[in-house]
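Asks: My questions will all concern the structure given below.
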Amino acid sequence: MTTDTGRKHRIVVIGSGFGGLFGTQALKRRGDVEITLVARTAQHLFQPLLYQVATGILSEGEVAPSTREVLARQKNARVILGDVTRIDLDRRTVTSEVLGTETVTPYDTLLVAAGAGQSYFGNDEFAEYAPGMKSIDDALELRGRIFGAFELAELATTEEDARRALTFVVVGAGPTGVEMAGQIAELARRTLKHDFRRIDPTQAHVILVDAADTVLPTFGERLGGAARRRLTEMGVDVRTGTMVTGVDGSGIEVKDRNGGTTRIEALTKVWAAGVQASPLGRQLADQSDAELDRAGRVKVNPDLTLPGRPEVFVVGDMIALDDLPGVAQVAIQGARFAAKEVTNRLDGKPSQGPFEYFDKGSMATVSRFSAVASIGRLRFHGFIAWVLWLAVHLVYIIGFKSRVTTLLHWVVSFLGRGRAERVATEQQVFARRALRQVGDEVRPGGRDAS
Ligand SMILES: Cc1cc2nc3c(=O)[nH]c(=O)nc-3n(C[C@H](O)[C@H](O)[C@H](O)COP(=O)(O)OP(=O)(O)OC[C@H]3O[C@@H](n4cnc5c(N)ncnc54)[C@H](O)[C@@H]3O)c2cc1C
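Okay, here's the thing in structure tokens:
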């Protein structure tokens, strides 16, 4: 693994999420490596709190610190912005692109942590009407749509239009869906209660839909049941065993377990169901002995390397190994394991053997003061679980500044009823679609540049 030319060992890290950032930081003491972290956004995104950006509790800056700033003191790491378009495993290069500028970065070791995107289970056309929750763009667009729906309801001239604007459908009863449904309900019943004159926001109808029979299935029956009861107490209409068959601008079509189809008139739809691993996984599989699973995740070796390519590690949401879940700790621990493996090789030490995941537990909030938590054999729900959730999230938010302002915003929202971040510009709601329509014309090298 060491280079015979005496130059530093070049490590390229793809992604600035949990895997990419923690993997880079784990190598900070190595003066003999040169790390290039390439990611398509300039931030490290703390996805678990995205729903709070979407519902006006936190600002985008609090959940997404600048990667460059986080790594400013780590002299062996360089950050470059770029969408990785090609990985060449034979030449050992990564090609990335920003606005028509292409950069080719060579590596000796590659750490791929490009995560996963939303899956619409083959119905990608749903995305336009039911944004997912994977990026800051998604969260801000949803913030605009959710707060905007109350504005449209206030302006509605018919009862039917007002009802449609005040109906919110969240698809997927996993942690993100439960958190979103709970927060929209709290927003309507607490935060916005006194803000309108013609409509009564507390009459908003929040519906949580899932094809499975349970809420929070990965938390088990007891905690899933507790979450469901709490949501119902808050007025959320939980419809399990219900599959989405169609989505359009003004509503959603669902099929129940008896095959009956119903249309729900609803302006705001949120998609929190299904993930698909980064398409970079396909590139890795095509050039190695690796296979992909149905969600496009790479079947890695037990030491997280790519079959047939020991110099390539894949971590986090992109991997399929021992049924590991797509959670932050799998990415963090995997990336730290890969970093240690690299340093062992550089030091001529033996391999650590297979990667072993230590499950620290999982938690999800349902409302203020109420959460569910599963830690080892212990199961908590209600206030205790919520305090645990609060503490764990504060610990993992990157940077002292963000911790302080996040805590302040939580006091405002959870003890008071306010939400400090209700701004959503028209551009945030519509820019993505507009840009897509303009397409190449806005890019340097595109039609305008000729
Ligand atoms: C809304 C939401 C809530 C969640 N809640 C929780 C929770 O409460 N607890 C928990 O443990 N987990 C939670 N998760 C899951 C957790 O966030 C992921 O498991 C974790 O982020 C995976 O880390 P990763 O490094 O594999 O990918 P990510 O963190 O997704 O990072 C991927 C990185 O790769 C970059 N990238 C992708 N493609 C390219 C490309 N082609 N070129 C360049 N860069 C690229 C991205 O910009 C990003 O920087 C949640 C996820 C979501 C979406």
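Read in order, the letters of the sequence shown correspond to residues 77 to 526 in the numbering used here.
Here a beta-carbon is modelled for each residue, glycine too, at the ideal position from N, C-alpha and C.
1. Buried or exposed: which applies to Gln128, given that a residue is buried once 16 or more other Cβ atoms fall within 10 Å of its Cβ?
2. Kindly identify the DSSP beta-bridge partner or partners of Glu341.
3. Please state whether DSSP places Ile283 in a helix, a strand or coil.
4. Along the beta strand (DSSP E) that carries Val406, what are the first and last residues, could you check?
5. What beta strand (DSSP E) runs, 3 residues minimum, are completely inside the segment 363 to 391?
6. Suppose the cutoff is 6 Å on Cβ atoms and the five residues either side in sequence are ignored; what does the same chain contact list for Val418 look like?
7. Sorry if obvious, but does the Cβ on Gln123 come closer than 8 Å to a heavy atom of ligand 1?
8. Would you mind working out which of Ala190, Leu187, Ala189, Arg168 sits nearest Thr180, comparing C-alpha positions?
9. According to DSSP, Leu113 sits in a beta bridge with which residue or residues?
10. Which of helix, strand or coil does DSSP assign to Val254?
11. Mapping DSSP to helix, strand and coil, what is Pro520?
12. Entirely within the segment 187 to 263 and at least 4 residues each: give me those alpha helix (DSSP H) ranges in chain order.
13. Note the first and the last residue of the continuous beta strand (DSSP E) segment covering Ala447.
14. Consider the C-beta atom of Gly107 and the heavy atoms of ligand 1; say whether any pair is separated by less than 8 Å.
15. Between Gly458, Thr161, Pro182, which has its C-alpha nearest Val71's C-alpha?
16. Which residue's Cα is closest to the Cα of Val448: Glu255, Gly424, Lys425, Gly429?
17. Using the beta-carbon count (16 or more within 10 Å), is Leu484 buried or exposed?
18. Going straight from the alpha carbon of Ser364 to that of Glu136, what length do you get?
19. Between Phe202 and Val323, which are expected to be in contact by the criterion C-beta below 8 Å, what is the C-beta distance as a whole number of angstroms?
20. Would the C-beta of Gln405 count as close to ligand 1, meaning under 8 Å from any of its heavy atoms?
21. Have a look at Gly311 and Val245 and give me their C-alpha separation to the nearest angstrom.
22. Please return the same chain residues whose Cβ sits closer than 7 Å to the Cβ of Lys84, not counting the five positions on each side in sequence.
23. Within 10 angstroms of the Cβ of Ile90, are there 16 or more other Cβ atoms? Answer buried if so, exposed if not.
24. Report the CB separation of Ala342 from Thr441 in whole angstroms; it is logged as a contact under 8 Å.
25. Measuring alpha carbon to alpha carbon, tell me which residue in Pro207, Val114, Glu145, Thr482 is nearest Val346.
26. So, for Gly317: in the same chain, excluding its five sequence neighbours on each side, which residues have a beta-carbon less than 6 Å away from its beta-carbon?
27. Please classify Gln194: is it buried, with 16 or more other beta-carbons within 10 angstroms of its beta-carbon, or exposed?
Replies: Let me spell this out:
1. buried
2. Gly327
3. strand
4. Segment 404 to 422 is the alpha helix (DSSP H) holding Val406; no beta strand (DSSP E) there.
5. 385 to 390
6. Thr185
7. yes
8. Rather than Thr, the amino acid found at residue 180 in this sequence is Val. Minimum Cα distance to Val180 is reached at Arg168.
9. Val89, Val155
10. helix
11. Note that Pro520 has pLDDT 43, beneath the 50 cutoff, so the model's placement of it is unreliable and the number below is only indicative. Pro520 falls in the coil class under three-state DSSP.
12. 212 to 231, 235 to 241, 251 to 262
13. 446 to 451
14. no
15. The chain is shown only over 77 to 526; residue 71 falls outside these bounds and no answer can be derived.
16. Glu255
17. exposed
18. 38 Å
19. 4 Å
20. yes
21. 13 Å
22. Asp108, Val109, Glu110
23. buried
24. Wrong, their Cβ atoms sit about 23 Å apart, outside the cutoff.
25. Pro207
26. Asp289, Arg333
27. buried
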